[in-house]
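Notes for the one structure printed next.
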Amino acid sequence: MLKTVVLHNVLMETVIRRRRSDSVKMAAGQQWVLVEMVQAFYEAPAYHLILEGILILWIIRLLFSKTYKLQERSDLTEKEKEELIEEWQPEPLVPLVPKDHPSLNYDVVTGPPSHRIIVNGKECINFASFNFLGLLDSERVKLKALSSLKKYGVGTCGPRGFYGTFDVHLELEERLAKFMRTEEAIIYSYGFATIASAIPAYSKRGDIVFVDEAACFSIQKGLQASRSFVKYFKHNDMEDLERLLKEQEIEDQKNPRKARVIRRFIVVEGLYINAADICPLPELVKLKYKYKVRIFLEESMSFGVLGEYGRGVTEHFGVNIDDIDLISANMENALASIGGFCCGRSFVIDHQRLSGQGYCFSASLPPMLASAAIEALNIMEEDPGIFRVLQDKCKHMHKALQGTPGLKTVGEPLTPALHLLLENSTGSRTNDLKLLRAIVDYSLDRQIALTLARYLDKEERFLPPPSIRVVVTVEQTQEEMEKAAQCIREAAVKILK
Amino acid sequence: MTESAGNKNEDCHAANGVKPGRNGMVKNHHHHHQYQKQEKVCHAACNGELYSRPFIESFEETPMLLAVLTYMSYGILTIFGYLRDFMREWKIEKCHTAREREEQKDFVPLYQDFENFYTRNIYMRIRDSWNRPICSVPGATFDLVECSSNDYNWTFEYTGRVVKDVINLGSYNYLGFAENTGACATAAGEVTVKFGVGVASTRQEMGNLDRHEELEKLAASFLGVESAMVFGMGFATNSMNIPALVGKGCLILSDELNHASLVLGARLSSSTIRVFKHNNMQSLEKLLRDAIVHGQPRTHRPWKKILILMEGIYSMEGSIIRLPEVIALKKKYKAYLYLDEAHSIGALGLNGRGVVEYFGLDPKDVDVMMGTFTKSFSAAGGYVGGRKDLIDYLRTHSHSAIYATTMSLPVVEQILTSMKCIMGKDGTTIGLSRIQRLAENTVYFRRRLQEMGFIIYGNNDSPVVPMMLYMPAKLGAFGREMLKRNIGVVGVGFPATPIIESRARFCISAAHTKEMLDRALDVISEVGDLLHLKYSRHKVLPSLDRPFDETTYEENEE
Numbered sequence: 001m002l003k004t005v006v007l008h009n010v011l012m013e014t015v016i017r018r019r020r021s022d023s024v025k026m027a028a029g030q031q032w033v034l035v036e037m038v039q040a041f042y043e044a045p046a047y048h049l050i051l052e053g054i055l056i057l058w059i060i061r062l063l064f065s066k067t068y069k070l071q072e073r074s075d076l077t078e079k080e081k082e083e084l085i086e087e088w089q090p091e092p093l094v095p096l097v098p099k100d101h102p103s104l105n106y107d108v109v110t111g112p113p114s115h116r117i118i119v120n121g122k123e124c125i126n127f128a129s130f131n132f133l134g135l136l137d138s139e140r141v142k143l144k145a146l147s148s149l150k151k152y153g154v155g156t157c158g159p160r161g162f163y164g165t166f167d168v169h170l171e172l173e174e175r176l177a178k179f180m181r182t183e184e185a186i187i188y189s190y191g192f193a194t195i196a197s198a199i200p201a202y203s204k205r206g207d208i209v210f211v212d213e214a215a216c217f218s219i220q221k222g223l224q225a226s227r228s229f230v231k232y233f234k235h236n237d238m239e240d241l242e243r244l245l246k247e248q249e250i251e252d253q254k255n256p257r258k259a260r261v262i263r264r265f266i267v268v269e270g271l272y273i274n275a276a277d278i279c280p281l282p283e284l285v286k287l288k289y290k291y292k293v294r295i296f297l298e299e300s301m302s303f304g305v306l307g308e309y310g311r312g313v314t315e316h317f318g319v320n321i322d323d324i325d326l327i328s329a330n331m332e333n334a335l336a337s338i339g340g341f342c343c344g345r346s347f348v349i350d351h352q353r354l355s356g357q358g359y360c361f362s363a364s365l366p367p368m369l370a371s372a373a374i375e376a377l378n379i380m381e382e383d384p385g386i387f388r389v390l391q392d393k394c395k396h397m398h399k400a401l402q403g404t405p406g407l408k409t410v411g412e413p414l415t416p417a418l419h420l421l422l423e424n425s426t427g428s429r430t431n432d433l434k435l436l437r438a439i440v441d442y443s444l445d446r447q448i449a450l451t452l453a454r455y456l457d458k459e460e461r462f463l464p465p466p467s468i469r470v471v472v473t474v475e476q477t478q479e480e481m482e483k484a485a486q487c488i489r490e491a492a493v494k495i496l497k
Numbered sequence: 001m002t003e004s005a006g007n008k009n010e011d012c013h014a015a016n017g018v019k020p021g022r023n024g025m026v027k028n029h030h031h032h033h034q035y036q037k038q039e040k041v042c043h044a045a046c047n048g049e050l051y052s053r054p055f056i057e058s059f060e061e062t063p064m065l066l067a068v069l070t071y072m073s074y075g076i077l078t079i080f081g082y083l084r085d086f087m088r089e090w091k092i093e094k095c096h097t098a099r100e101r102e103e104q105k106d107f108v109p110l111y112q113d114f115e116n117f118y119t120r121n122i123y124m125r126i127r128d129s130w131n132r133p134i135c136s137v138p139g140a141t142f143d144l145v146e147c148s149s150n151d152y153n154w155t156f157e158y159t160g161r162v163v164k165d166v167i168n169l170g171s172y173n174y175l176g177f178a179e180n181t182g183a184c185a186t187a188a189g190e191v192t193v194k195f196g197v198g199v200a201s202t203r204q205e206m207g208n209l210d211r212h213e214e215l216e217k218l219a220a221s222f223l224g225v226e227s228a229m230v231f232g233m234g235f236a237t238n239s240m241n242i243p244a245l246v247g248k249g250c251l252i253l254s255d256e257l258n259h260a261s262l263v264l265g266a267r268l269s270s271s272t273i274r275v276f277k278h279n280n281m282q283s284l285e286k287l288l289r290d291a292i293v294h295g296q297p298r299t300h301r302p303w304k305k306i307l308i309l310m311e312g313i314y315s316m317e318g319s320i321i322r323l324p325e326v327i328a329l330k331k332k333y334k335a336y337l338y339l340d341e342a343h344s345i346g347a348l349g350l351n352g353r354g355v356v357e358y359f360g361l362d363p364k365d366v367d368v369m370m371g372t373f374t375k376s377f378s379a380a381g382g383y384v385g386g387r388k389d390l391i392d393y394l395r396t397h398s399h400s401a402i403y404a405t406t407m408s409l410p411v412v413e414q415i416l417t418s419m420k421c422i423m424g425k426d427g428t429t430i431g432l433s434r435i436q437r438l439a440e441n442t443v444y445f446r447r448r449l450q451e452m453g454f455i456i457y458g459n460n461d462s463p464v465v466p467m468m469l470y471m472p473a474k475l476g477a478f479g480r481e482m483l484k485r486n487i488g489v490v491g492v493g494f495p496a497t498p499i500i501e502s503r504a505r506f507c508i509s510a511a512h513t514k515e516m517l518d519r520a521l522d523v524i525s526e527v528g529d530l531l532h533l534k535y536s537r538h539k540v541l542p543s544l545d546r547p548f549d550e551t552t553y554e555e556n557e558e
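If you read the sequences in order, they're chains A and B. Position 497, counted from 1, in the first sequence is what our numbering calls 497; the numbers after and before it change by one each time, with no gaps. Position 517, counted from 1, in the second sequence is what our numbering calls 517; the numbers after and before it change by one each time, with no gaps.
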């Protein structure tokens with residue numbers, strides 16, 4: 001409204017100015033002006049008069065109408081502004097955390113976080129770290145890291161683009177690609193940042209991502225960063241996924257032009273960290289071709305765990321790895337180093353070298369950690385039997401934990417990280433957590449190191465129920481596993497009554 | 001684009017006490033004697049009383065001719081790009097790009113064509129200037145893996161040869177702790193053998209070692225704050241902690257040149273984001289006032305809190321945050337300040353404590369002190385320091401503490417040892433002398449470049465030294481010519497900078513000796529003559545003949 005008024009004023013101004021200049025030229029006296037005006041009125045072309053007439057009418061309308069009130073629009077005075085600024089009281093930067101907050105005081109590990117671990121001063125057997133293949137303790141890995149340290153120092157002092165690329169990075173990428181039998185691999189310096197950077201590198205505003213409800217937090221953050229439409233399907237429920245895909249198909253038919261540019265992705269985990277089960281990959285691949293959706297697969301828990309040679313869930317199901325558009329995994333679990341990687345076809349992966357935020361804008365992985373990962377890969381390739389051992393141990397542990405009174409074992413037999421849930425919830429999450437924590441403490445006292453699975457209650461899209469995580473590694477002996485299961489059973493009997 | 005550069009120029013000139021306005025417009029000869037006086041006046045006008053030391057930053061205006069030529073060069077590249085795309089389309093030219101799988105040809109294309117136009121047709125021509133692999137410590141000098149390309153940078157081949165002893169002006173090794181011998185490497189080595197490299201768990205689960213807690217205590221005392229927390233990746237420190245601090249109904253005021261990690265963190269927090277002009281206090285104050293006066297958009301409810309995001313040293317501009325003014329504003333308007341000291345920690349201040357010490361301020365006035373260990377400490381990861389209640393909150397609510405694997409222990413050890421060295425806790429003065437060395441090197445290097453007539457951006461005390469190249473072709477050529485002469489430099493172009501402001505960036509290190517810097521400067525001068533890079537129209541007198549203090553310089557008449 002204001003704009004039109006201004007425009008109008010400008011118009012009027014020009015009209016008046018023109019007229020004035022006309023009259024000034026000829027007129028000296030009042031009368032002359034009048035005569036001139038009348039004359040001008042006669043001489044003026046019709047369109048001009050109509051325009052002026054409309055403008056005059058408009059002015060009259062504006063004068064009498066009450067479409068806007070000047071008072072309301074008028075800005076605050078400086079004094080009022082100062083008062084407002086004086087008045088404003090922000091919330092504190094952070095709310096106060098109660099001293100007894102359950103996650104404020106961490107368990108403290110002294111000494112190496114390996115198979116035998118000292119937690120809060122108690123020596124325990126580690127059933128909590130994701131050191132599935134026990135490579136964290138491997139002397140070979142340590143020595144390789146050490147020799148790398150002696151050659152390169154610790155830090156890289158730069159992102160990959162700016163002299164932060166080391167020959168070991170290239171070697172590791174090549175080795176990972178070879179190991180996974182894909183064209184290319186790309187490494188990140190932080191496991192969490194891997195999939196969280198990979199998703200927004202491809203999926204942009206307006207694109208659609210179909211995600212499993214149990215997807216882990218880094219996937220959720222990647223989706224949020226991508227600003228795409230996110231459609232959640234029920235955990236491992238292919239019918240629900242197909243329903244969503246069909247819905248989208250109908251939507252596409254309504255607007256085929258738009259549909260031609262909307263990218264679609266399915267994002268799933270190979271082995272869900274939150275649900276401890278495996279995704280139905282063959283069905284997903286079928287849906288992929290049926291509905292022309294790309295699949296991104298997060299394999300942090302399944303890489304180096306599933307499959308005959310530890311290649312993860314694709315090998316587990318015998319799915320052609322080229323059918324998966326992108327596989328991402330961290331190198332912090334089975335490989336027991338730091339960082340993460342993505343692999344797939346060069347057509348897909350190479351794009352991240354300029355668009356993966358965590359790749360481009362972060363310092364690269366310390367070369368000694370890359371060397372450690374290379375050596376871990378060497379061990380995995382030399383001794384593929386290790387995966388069989390792990391899988392057997394997983395099955396064993398899964399079986400041993402069955403029938404724990406008051407606790408439900410969640411997860412498939414092949415899962416190295418199982419969840420123990422309360423069979424009967426107390427109805428309050430805090431109390432549930434307290435009960436579970438009591439079981440963890442009981443076990444800690446008896447040389448079994450367990451941990452609660454931790455989540456950010458308010459940030460998780462679908463908050464998993466409270467649970468204790470039991471991690472299986474190849475280093476645990478049959479007896480140790482029996483002992484752990486026994487200990488948990490005792491604790492459950494004692495604490496859950 | 002030119003306009004914004006011009007504005008920047010004007011602000012800074014005003015602060016410098018040098019008359020804004022084009023050369024030759026005013027006879028500057030006679031202003032000579034007034035410079036010092038003028039400087040004082042101008043400082044006072046820009047809150048000069050807040051500064052304990054002269055704040056001298058310059059962003060020389062892009063010469064008009066250069067701007068036109070640069071746009072033209074992009075224009076030519078674009079025309080040729082279209083031409084070659086056309087030829088590729090008709091298979092006249094061989095297409096090197098990786099292709100979609102045959103089976104997936106009928107899927108929605110993964111990339112929009114124009115997304116890759118720049119990469120394919122401009123970046124590809126000068127791609128060899130980046131991602132050059134190195135095979136030694138990224139110290140004062142390094143060894144490069146030689147690579148060559150037979151197909152105009154589409155693919156690279158490693159020749160198997162190594163280019164030895166290249167002077168490193170690219171790595172963020174400010175204090176020279178990138179070493180494979182010495183206290184840090186030894187300590188890290190011992191830890192590697194004892195602990196291994198991985199942790200395989202998160203802080204809240206089974207990955208909290210006493211070493212991490214020790215590091216946090218040391219970091220807190222180094223920063224002069226109550227408490228601190230460390231994280232495994234610098235980038236993630238920003239992107240995973242900002243969402244814990246602010247949320248819906250909060251306002252983030254972010255500097256336009258903030259690092260991608262801060263931008264991502266702000267975006268993930270789902271608060272409203274408003275951007276102010278780079279290091280421009282008028283712009284920041286206006287946003288603060290408007291925000292408080294008008295409240296949230298549409299609902300007009302007052303904002304829950306306002307968080308200002310800024311960096312200590314801006315890595316692309318070499319500018320230093322106007323911290324005293326920011327703190328004054330933040331106090332006046334009750335906003336919170338999140339200061340990212342990725343490049344300034346260790347590199348600024350008499351004791352290396354960053355930009356707060358540099359200005360002689362109290363660390364308590366900064367609400368969130370964030371920084372990284374990647375640069376001055378030559379390790380990896382980041383930290384957040386501040387009041388105890390802030391850190392307690394982060395311990396319970398930081399995404400990183402709950403979902404991300406903990407920092408590797410050899411890395412922790414590297415930080416512990418280097419930080420102790422900087423603090424003098426190792427009983428030596430090595431750390432202190434390195435800090436002094438860096439400051440001297442920085443001033444020397446910057447002054448020499450200015451004397452040679454290059455356009456240098458940023459603050460006189462910033463170890464990040466951007467040198468303007470402007471044209472994309474010169475960006476590639478400069479890197480290649482420097483490398484031919486055994487000097488490794490980093491070039492930065494679009495999209496990290498405005499499109500016409502491509503630049504080379506030197507990072508000065510305490511490890512550089514005077515001889516290295518002199519050699520590098522000679523080579524830069526030589527290449528600068530070769531490529532006609534000495535654009536500056538401000539003539540700086542060589543230091544010996546200088547009649548006044550170091551900060552004054554004369555503008556020559558054209």
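Glycine residues also receive a C-beta, built at the ideal position from the N, C-alpha and C atoms.
Check residue 134/B in the structure and name its three-state DSSP category.
Stepping through the second sequence from its first residue, residue 134/B is reached at position 134. Residue 134/B: strand per DSSP, three-state reduction.
Expressed to the nearest angstrom, what Euclidean distance is found between the alpha-carbon atoms of residue 471/B and residue 73/B?
Locating residue 471/B in the second sequence gives position 471, where the first residue counts as 1. Locating residue 73/B in the second sequence gives position 73, where the first residue counts as 1. Distance between the alpha carbons of residue 471/B and residue 73/B: 7 Å.
Which runs of the beta strand (DSSP E) fall wholly inside the region 403-431 of chain A and span at least 3 residues, in chain order?
407-410, 417-422
Can you list, in chain order, the residues of its chain whose CB lies under 7 Å from that of residue 464/B, leaving out five sequence neighbours each side?
Counted from its first residue, the second sequence places residue 464/B at position 464. Counting only Cβ-Cβ distances below 7 Å, and skipping sequence neighbours, we find 313, 315, 318, 343, 458, 505, 507.
Counting only C-beta atoms, is residue 154/B closer than 8 Å to chain A at any point?
Taking the first residue of the second sequence as 1, we reach residue 154/B at position 154. So, not an interface residue.
Going along chain B in order, which residues have a C-beta closer than 7 Å to the C-beta of residue 156/A?
As a working note, residue 156/A is residue 156 in the first sequence. Result: 138.
Which residues of the region 177-208 of chain A have a Cβ closer than 7 Å to any Cβ of chain B? Give them in chain order.
189, 190, 191, 192, 193, 202
Inter-stretch contact at 8 Å, needing at least 3 Cβ pairs: the region 131-149 of chain B / the region 149-158 of chain A
At 8 Å Cβ cutoff, the stretches touch.
So with Cβ pairs under 8 Å, would you call residue 235/A a contact of chain B?
Within the first sequence, the letter at position 235 stands for residue 235/A. It does not: the Cβ of residue 235/A has no partner Cβ on chain B nearer than 8 Å.
Using a cut-off of 9 Å between C-beta atoms, extract the partners of residue 167/A located in chain B.
As a working note, residue 167/A is residue 167 in the first sequence. Result: 133, 134, 135, 145, 158.
Grab me the residues of residue 481/A's own chain with a C-beta within less than 8 Å of its C-beta, minus the 5 sequence neighbours each way, in chain order.
The residue given as residue 481/A occupies position 481 in the first sequence. The residues are 393, 396, 397, 400, 472.
Where do the ends of the alpha helix (DSSP H) carrying residue 87/B lie?
Along the second sequence, read from residue 1 onward, the residue named residue 87/B stands at position 87. Counting along the chain, the alpha helix (DSSP H) containing residue 87/B begins and ends at 64-89.
Within 8 Å of chain A by C-beta, residues of the region 205-217 of chain B in sequence order:
From the region 205-217 of chain B, only 205, 206, 207, 208, 209, 210, 213 have a Cβ closer than 8 Å to chain A.
For residue 220/B, which option in 338/B, 287/B, 302/B, 363/B has the closest C-alpha, if you only look at C-alpha atoms?
Along the second sequence, read from residue 1 onward, the residue named residue 220/B stands at position 220. Nearest Cα to residue 220/B within the set 338/B, 287/B, 302/B, 363/B: 363/B.
Going straight from the alpha carbon of residue 79/A to that of residue 239/B, what length do you get?
Here residue 79/A refers to the residue found at position 79 of the first sequence. Here residue 239/B refers to the residue found at position 239 of the second sequence. For residue 79/A and residue 239/B, the distance between alpha carbons rounds to 39 Å.
Should residue 512/B go down as buried or exposed, given a rule of 16 or more other Cβ atoms within 10 Å for buried?
As a position in the second sequence, residue 512/B is number 512, starting the count at 1. So residue 512/B counts as buried.
When we look at the beta-carbon of residue 61/A and count the other beta-carbons within 10 Å, is it buried (16 or more) or exposed?
Within the first sequence, residue 61/A is the residue found at index 61, counting from 1. Residue 61/A is exposed by the Cβ-count criterion.
Select from the region 112-140 of chain A all residues with a C-beta closer than 8 Å to any C-beta belonging to chain B, and list them in chain order.
112, 113, 114, 117, 119, 126, 128, 129, 130, 131, 135, 136, 137, 138
Just verifying my parser: in three-state terms, what is the DSSP assignment at residue 338/A?
By 1-based counting over the first sequence, the position of residue 338/A is 338. Coil at residue 338/A, not helix or strand.
Is it the case that the Cβ atoms of residue 97/B and residue 125/B are separated by a distance below 8 Å?
Locating residue 97/B in the second sequence gives position 97, where the first residue counts as 1. Locating residue 125/B in the second sequence gives position 125, where the first residue counts as 1. In this structure, residue 125/B does not lie closer than 8 Å to residue 97/B by Cβ.
Host alpha helix (DSSP H) of residue 282/A (start-end)
The residue labelled residue 282/A in the question sits at position 282 within the first sequence. 281-291 is the span of the alpha helix (DSSP H), which, as asked, contains residue 282/A.
For chain B, find out if any of its Cβ atoms is closer than 8 Å to the Cβ of residue 314/A; answer yes or no.
Here the question's residue 314/A lines up with position 314 in the first sequence. No, residue 314/A lies away from the interface with chain B (no Cβ there is under 8 Å from its Cβ).
Quick check: the Cα distance between residue 23/A and residue 37/A, rounded to an integer number of angstroms?
Walking along the first sequence from the start, residue 23/A turns up at place 23. Walking along the first sequence from the start, residue 37/A turns up at place 37. Bear in mind that a pLDDT of 47 at residue 23/A, under 50, signals an unreliable position, so the model cannot answer this.
Verify the CB distance criterion: does residue 180/B have a CB-CB separation below 8 Å to chain A?
Here residue 180/B is taken as the residue at index 180 of the second sequence, counted from 1. Yes, residue 180/B counts as interfacial toward chain A.
Residue 521/B versus 453/B, 503/B, 206/B, residue with shortest Cα-Cα distance:
Counted from its first residue, the second sequence places residue 521/B at position 521. Selected option, being the one with the closest Cα: 453/B.
Contacts around residue 249/A, its chain only, beta-carbon distance under 8 Å, and the 5 residues preceding and following it disregarded
Mapped onto the first sequence, residue 249/A falls at position 249. Result list for residue 249/A: 291, in chain order.
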